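Colleague: Below is a structure I'd like to ask you about.
Number of protein chains: 2
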Amino acid sequence: MRIVNVGICGIGTVGSGVFNVLSRNLTEINSRANCQINISQIACRKDNPDIDATSTHVTRDIFDVAKNPDINIVVELIGGTTIAYELVMMALKHGKHVVTANKALIAEHGMSIFEEAESRGLLVCFEAAVAGGIPIIKSLREGLSANRINWLAGIINGTTNFILSEMDAKGREFSDVLAEAQMKGYAEADPTFDVEGIDASHKLAILASIAFGMPLSLDGLFTDGITKLEPQDVSYARELGYAIKHLGIARKSLSGVELRVHPTLVPEQCLIAGVNDVSNAVMVNADSVGTTLFYGPGAGSEPTASAVIADIVDVARTMDSYPDSWVPPLGIPSQSLQSLSIMNIENVETGFYIRFSALDKPGVLSTVTTIMGDAGISIEAIIQREQPAGESYVNVIILTNVTKEKYLDEAVKHIEELDTVRGYVNFIRVEYLDQA
Amino acid sequence: MRIVNVGICGIGTVGSGVFNVLSRNLTEINSRANCQINISQIACRKDNPDIDATSTHVTRDIFDVAKNPDINIVVELIGGTTIAYELVMMALKHGKHVVTANKALIAEHGMSIFEEAESRGLLVCFEAAVAGGIPIIKSLREGLSANRINWLAGIINGTTNFILSEMDAKGREFSDVLAEAQMKGYAEADPTFDVEGIDASHKLAILASIAFGMPLSLDGLFTDGITKLEPQDVSYARELGYAIKHLGIARKSLSGVELRVHPTLVPEQCLIAGVNDVSNAVMVNADSVGTTLFYGPGAGSEPTASAVIADIVDVARTMDSYPDSWVPPLGIPSQSLQSLSIMNIENVETGFYIRFSALDKPGVLSTVTTIMGDAGISIEAIIQREQPAGESYVNVIILTNVTKEKYLDEAVKHIEELDTVRGYVNFIRVEYLDQA
Numbered sequence: 000m001r002i003v004n005v006g007i008c009g010i011g012t013v014g015s016g017v018f019n020v021l022s023r024n025l026t027e028i029n030s031r032a033n034c035q036i037n038i039s040q041i042a043c044r045k046d047n048p049d050i051d052a053t054s055t056h057v058t059r060d061i062f063d064v065a066k067n068p069d070i071n072i073v074v075e076l077i078g079g080t081t082i083a084y085e086l087v088m089m090a091l092k093h094g095k096h097v098v099t100a101n102k103a104l105i106a107e108h109g110m111s112i113f114e115e116a117e118s119r120g121l122l123v124c125f126e127a128a129v130a131g132g133i134p135i136i137k138s139l140r141e142g143l144s145a146n147r148i149n150w151l152a153g154i155i156n157g158t159t160n161f162i163l164s165e166m167d168a169k170g171r172e173f174s175d176v177l178a179e180a181q182m183k184g185y186a187e188a189d190p191t192f193d194v195e196g197i198d199a200s201h202k203l204a205i206l207a208s209i210a211f212g213m214p215l216s217l218d219g220l221f222t223d224g225i226t227k228l229e230p231q232d233v234s235y236a237r238e239l240g241y242a243i244k245h246l247g248i249a250r251k252s253l254s255g256v257e258l259r260v261h262p263t264l265v266p267e268q269c270l271i272a273g274v275n276d277v278s279n280a281v282m283v284n285a286d287s288v289g290t291t292l293f294y295g296p297g298a299g300s301e302p303t304a305s306a307v308i309a310d311i312v313d314v315a316r317t318m319d320s321y322p323d324s325w326v327p328p329l330g331i332p333s334q335s336l337q338s339l340s341i342m343n344i345e346n347v348e349t350g351f352y353i354r355f356s357a358l359d360k361p362g363v364l365s366t367v368t369t370i371m372g373d374a375g376i377s378i379e380a381i382i383q384r385e386q387p388a389g390e391s392y393v394n395v396i397i398l399t400n401v402t403k404e405k406y407l408d409e410a411v412k413h414i415e416e417l418d419t420v421r422g423y424v425n426f427i428r429v430e431y432l433d434q435a
Numbered sequence: 000m001r002i003v004n005v006g007i008c009g010i011g012t013v014g015s016g017v018f019n020v021l022s023r024n025l026t027e028i029n030s031r032a033n034c035q036i037n038i039s040q041i042a043c044r045k046d047n048p049d050i051d052a053t054s055t056h057v058t059r060d061i062f063d064v065a066k067n068p069d070i071n072i073v074v075e076l077i078g079g080t081t082i083a084y085e086l087v088m089m090a091l092k093h094g095k096h097v098v099t100a101n102k103a104l105i106a107e108h109g110m111s112i113f114e115e116a117e118s119r120g121l122l123v124c125f126e127a128a129v130a131g132g133i134p135i136i137k138s139l140r141e142g143l144s145a146n147r148i149n150w151l152a153g154i155i156n157g158t159t160n161f162i163l164s165e166m167d168a169k170g171r172e173f174s175d176v177l178a179e180a181q182m183k184g185y186a187e188a189d190p191t192f193d194v195e196g197i198d199a200s201h202k203l204a205i206l207a208s209i210a211f212g213m214p215l216s217l218d219g220l221f222t223d224g225i226t227k228l229e230p231q232d233v234s235y236a237r238e239l240g241y242a243i244k245h246l247g248i249a250r251k252s253l254s255g256v257e258l259r260v261h262p263t264l265v266p267e268q269c270l271i272a273g274v275n276d277v278s279n280a281v282m283v284n285a286d287s288v289g290t291t292l293f294y295g296p297g298a299g300s301e302p303t304a305s306a307v308i309a310d311i312v313d314v315a316r317t318m319d320s321y322p323d324s325w326v327p328p329l330g331i332p333s334q335s336l337q338s339l340s341i342m343n344i345e346n347v348e349t350g351f352y353i354r355f356s357a358l359d360k361p362g363v364l365s366t367v368t369t370i371m372g373d374a375g376i377s378i379e380a381i382i383q384r385e386q387p388a389g390e391s392y393v394n395v396i397i398l399t400n401v402t403k404e405k406y407l408d409e410a411v412k413h414i415e416e417l418d419t420v421r422g423y424v425n426f427i428r429v430e431y432l433d434q435a
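Sequences listed follow chains A and B, in order.
Positions 0 to 435 (numbering that gives the first Met the number 0) are the ones given, in order, by the first sequence.
Positions 0 to 435 (numbering that gives the first Met the number 0) are the ones given, in order, by the second sequence.
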């Protein structure tokens, strides 16, 4: 039987998962890969007590793996975009296929990596880069290959979903849940990447590129995090029949492509509204199939390893066949990719949830609704809720119909100028997601 | 560019969808298949006004397609297991790859079809046979290839899910909703295949075979339909925090493999409990990835076409590469498949929902709970609800902990023998599905 040698660079959370799952399920995995997969080298800065690497060749220099003439597939699990990029390019130059779980690397350097791989007749796979163990890349590239994708919307960061789920279920403050998430290891010491939506934006860029057949790019992608969300917004949203989720949304229309990551109100009856804790889920709406949803764990050692190994199996099974029969990294040959114009957020149309503090006296609401009407915005619902005792101000919450963001911005500016309104107008976008 | 000629046999609901989607999205599809896909022949008993086949060669004899020397891929969409089987075998004998949406055919004759295909170096694909547009076969065979599958549970028949959703949402009777489903075209004039669970059992056999690496077989598969369900059970289940879904369940344990299709109580907070109407969803629990869920439309012209065309693209892209690089029909080479013992339903362990009619007098419940205790069954909840005014009997509803079905059977027999109990004891199985 053919032997395929794999070198793993980085043996942290994901790397140890890959090592352990490959070792545990090797018989089944070999049978699916139609060859014998062999971990022939591991590169790591220090040993990981979670794995038994006694019979594996260990090196401290990751570049050893990229240069090792015996190795067929280099698995990049070191993270980051500088050394990881060097490593991947060196591996390709030495004729190795590459499997990576690195979303930042693919989002930022994907095009040059794919070009190098293509010119050398090599495979680059990155299923684990988006939504952990969920086979969403394969489903988009192959499972839905009959379709034109209209839009996709995903909970693609487990940390923010955990925080929002806790704020929702227990009325807790953002900062309080973040501290717990850091303690539990769900969030990094510097949580910026997760809570500001940067990690999600990398994943969204990858999904959108495959969905719409356009080159990978972060340009024009709108990103907003969850740091400004208040428990009262989560609870007012519930009162109105919505859950707040941090979504990555990509939509293609005649006006261009929307690419945006932000907190979003979604109707409670949507399946995705019920996706809680560190779970991920991606909804895909396409012209032939309609709406589908892919749910599963978005992170963690073995769930991520599941995706990395699925890539290793695909590469091992097909690496000796004709490159023409391979699925290209973004689903279509790179010369067929087409740049599409990314819409400015001000031209994007969504519903809006608005909250502000207004004097509790007659006429205020009528002034506000007149401003909305003048901006061409229809109102779906208004609720007014008292603030703590003794306050002469109330919270006004308005749900609008779908409108362009620039009209909303205009209305917000006028409302903030009113003497009867105190402070800023907070708003959160609303998506109906075909209620699926 | 390579040209791949496709012949479509049967141009009804699914066939017309395949024709129309292929025509509409041909540029994108060709780009993904890395070749030019051409519908070169259609076989149908009569023309379908939903398609414009003016520039396609139409024959009334499906076997023409199987013998047509120009055709590379035969798409079988005629249904049934006799002529369809002949057609597929003839197509293989003439060196054609085969794509089919026919679950009955694959469940009943899959092994001999795969054997024939393998011996001739041909591909047989059947993504559309299970859960319509959801790429569940690909996800199981390839996306989760790192895993040992522990269990899967799916809503894999849209008709029964529509009926149950309506009974649940509106308290309607089974027969009443069935009549509506027939009128809407969701159910056949003879609904037996759907409502008795036969269609679901075919799909479950296919999923289980891939999940556990065993030869396809319907032997030992336990099947129960939804015809005996009463609106009161649906509403009592809700009162207890459960939805009733018609699930196909396959589970592998040290005791053997469970294969069963039956109405099932699932906790409301499970995502799958929120899958309504004609939608399908399959949950998969596996050792590395944990729990995943795949949701989408389980039937319909274009959703099913989406899966058929995904198969056509896979075949067209890879048919000229080495057969060793192909994914075998059941995920592993046929010589690696292993027969596993299928458990008798009496040895399967689940929770149970029980309902019976008992005299409303002291001591009855204590007798019943003693019987349950003697059978070794723990009780999770008991509720007692009045029957229509003037009745001296009440409905007793009991939710048990997980127990072997034979112990439940024993307890049920004793309860039915009680003078204070009228008629039969109705029971429905309960699954917790890891609450995912």
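Cβ coordinates follow ideal geometry from the N, Cα and C atoms, glycine included.
As the structure is a computational prediction, the values presented were derived from the model and not from experiment.
Name, please, each residue of chain B whose Cβ falls closer than 8 Å to the Cβ of A/Gly295.
Modeller: What A/Gly295 touches in chain B: Val288, Gly289, Thr290, Thr291, Leu292.
Colleague: Quick one: Cα of A/Asp373 to Cα of A/Thr399, how far?
Modeller: Taking the straight line from one Cα to the other gives about 14 Å.
Colleague: At a CB-CB cut-off below 7 Å, which residues of chain A make contact with B/Thr317?
Modeller: Residues of chain A passing the Cβ test: Ser324.
Colleague: Name the residues in the region 123-147 of chain B whose C-beta lies less than 7 Å from a C-beta of chain A; which are they?
Modeller: Per Cβ criterion, the list reads Gly132, Ile133, Pro134, Lys137, Ser138, Glu141, Gly142, Leu143, Ser144, Ala145, Asn146, Arg147.
Colleague: Taking the Cβ atom as the reference point for each residue, do A/Ile38 and A/Leu21 lie within a distance shorter than 8 Å?
Modeller: Against a cut-off of 8 Å, the Cβ pair of A/Leu21 and A/Ile38 comes out as a contact.
Colleague: For A/Glu126 versus B/Asp313, is the C-beta spacing smaller than 8 Å?
Modeller: Contact flag unset, no.
Colleague: Ignore the nearest five residues each way along the sequence and tell me which others in A/Arg207's own chain have a CB closer than 8 Å to its CB.
Modeller: Note that residue 207 of chain A corresponds to Ala in the displayed sequence, not to Arg. Leu151, Met213, Ala249, Val256, Leu258, listed in sequence order.
Colleague: Pick out whichever of A/Ser338, A/Leu329, A/Leu407, A/Leu270 has its Cα sitting closest to the Cα of A/Pro397.
Modeller: Position check: residue 397 of chain A holds Ile in this sequence, whereas Pro was assumed. Of A/Ser338, A/Leu329, A/Leu407, A/Leu270, the residue nearest in Cα terms is A/Leu407.
Colleague: Looking only at its chain, what residues have a beta carbon closer than 6 Å to the beta carbon of A/Glu348, apart from the 5 residues adjacent to it on each side?
Modeller: Counting only Cβ-Cβ distances below 6 Å, and skipping sequence neighbours, we find Val401, Lys403.
Colleague: Using 8 Å as the cut-off, can you tell me whether the region 185-196 of chain A makes contact with the region 309-324 of chain A, which would need three or more C-beta pairs spanning the two stretches below that distance?
Modeller: The region 185-196 of chain A, when compared against the region 309-324 of chain A, does not touch it at the 8 Å Cβ threshold.
Colleague: Compile a chain-ordered list of the residues in the region 301-317 of chain B whose CB is closer than 7 Å to at least one CB of chain E.
Modeller: Here the protein chains are A and B, and chain E is not one of them.
Colleague: Can you check whether the CB of A/Asn149 is closer than 8 Å to the CB of A/Asn71?
Modeller: No; because the gap between Cβ atoms is not below 8 Å, this pair is not in contact.
Colleague: Under 8 Å by Cβ, that's how I've got B/Ile341 and B/Gly219 pegged, so tell me the actual separation to the nearest angstrom.
Modeller: The pair is a contact, with the Cβ atoms about 3 Å apart (cut-off 8 Å).
Colleague: Closest to B/Glu267 by CA distance: which of A/Pro266, A/Val265, A/Leu270 is it?
Modeller: Of A/Pro266, A/Val265, A/Leu270, the residue nearest in Cα terms is A/Leu270.
Colleague: Figure out for me which residue from B/Asp232, B/Val277, B/Ile311 has the closest Cα to the Cα of B/Val98.
Modeller: Of B/Asp232, B/Val277, B/Ile311, the residue nearest in Cα terms is B/Ile311.
Colleague: Going along the chain, which unbroken runs of the alpha helix (DSSP H) with 4 or more residues stay wholly within the region 62-115 of chain A?
Modeller: Correct list: 82-92.
Colleague: Mind listing, in chain order, the continuous beta strand (DSSP E) runs of no fewer than 3 residues lying wholly within the region 285-310 of chain A?
Modeller: As far as the region 285-310 of chain A is concerned, its whole beta strand (DSSP E) runs of at least 3 residues are 289-296.
Colleague: May I ask you to report which of helix, strand or coil DSSP gives B/Ser356?
Modeller: In this structure, B/Ser356 counts as strand in the three-state DSSP scheme.
Colleague: The alpha helix (DSSP H) spanning A/Pro230 covers which residue range?
Modeller: Counting along the chain, the alpha helix (DSSP H) containing A/Pro230 begins and ends at 230-238.
Colleague: Tell whether a beta-carbon distance below 8 Å holds between B/Val233 and B/Asn160.
Modeller: Not closer than 8 Å, so no.
Colleague: In this structure, what does DSSP give as the bridge partners for B/Met282?
Modeller: The partner list for B/Met282 (beta bridge, DSSP) reads B/Ala152, B/Leu292.
Colleague: With a cut-off of 8 Å on the beta carbons, I'd call A/Val57 and A/Glu75 a contact; round off their distance for me.
Modeller: About 17 Å separates the two Cβ atoms, so there is no contact after all.
Colleague: Kindly say whether B/Ile331, judged by its beta-carbon, lies nearer than 8 Å to any beta-carbon of chain A.
Modeller: B/Ile331 counts as touching chain A.
Colleague: On the three-state DSSP scale, how would you describe B/Arg171?
Modeller: B/Arg171 falls in the coil class under three-state DSSP.
Colleague: May I ask which residues mark the beginning and end of the alpha helix (DSSP H) holding B/Phe18?
Modeller: Its alpha helix (DSSP H) spans residues 12-23.
Colleague: For A/Glu117, which residues in the same chain have their Cβ closer than 7 Å to its Cβ, ignoring the five residues on either side in sequence?
Modeller: Result list for A/Glu117: Ser333, in chain order.
Colleague: Taking the continuous alpha helix (DSSP H) assigned at B/Leu436, which residues delimit it?
Modeller: With chain B running from 0 to 435 in the structure shown, residue 436 of chain B is simply not present.
Colleague: For A/Glu117, decide whether its Cβ has a neighbour in chain B, counting only Cβ atoms nearer than 8 Å.
Modeller: Chain B, which has no Cβ nearer than 8 Å to the Cβ of A/Glu117, makes this no.
Colleague: Please list, in chain order, the chain B residues whose beta carbon lies closer than 8 Å to that of A/Ser30.
Modeller: Ordered by position in chain B, the residues that pass the 8 Å Cβ test against A/Ser30 are Gly212, Ile331, Pro332, Ser335.
Colleague: Run through DSSP, which three-state label would B/Ser333 get?
Modeller: Of the three classes helix, strand and coil, the one that applies to B/Ser333 here is helix, per DSSP.
Colleague: Can you find a C-beta in chain B that's less than 8 Å from the C-beta of A/Ser208?
Modeller: By this cut-off, A/Ser208 is not an interface position.
Colleague: Does A/Gly273 have its Cβ less than 8 Å from a Cβ in chain B?
Modeller: Yes, because at least one Cβ of chain B sits closer than 8 Å to the Cβ of A/Gly273.
Colleague: Shortest alpha-carbon distance to A/Gly350 belongs to which of A/Ser365, A/Phe426, A/His108, A/Phe18?
Modeller: That would be A/Phe426, whose Cα lies nearest to the Cα of A/Gly350.
Colleague: Can you give me the Cβ contacts of A/Leu177 inside the same chain, cut-off strictly under 8 Å, excluding the 5 residues immediately before and after it?
Modeller: Counting only Cβ-Cβ distances below 8 Å, and skipping sequence neighbours, we find Ile162, Ala186, Pro190, Val194.
Colleague: For B/Ile243 versus B/Lys202, is the C-beta spacing smaller than 8 Å?
Modeller: Cβ distance not < 8 Å, so B/Ile243 and B/Lys202 don't count as in contact.
Colleague: Quick check on the burial criterion: 16 or more other C-beta atoms within 10 angstroms. Buried or exposed for B/Thr290?
Modeller: Buried, by the Cβ-count rule.
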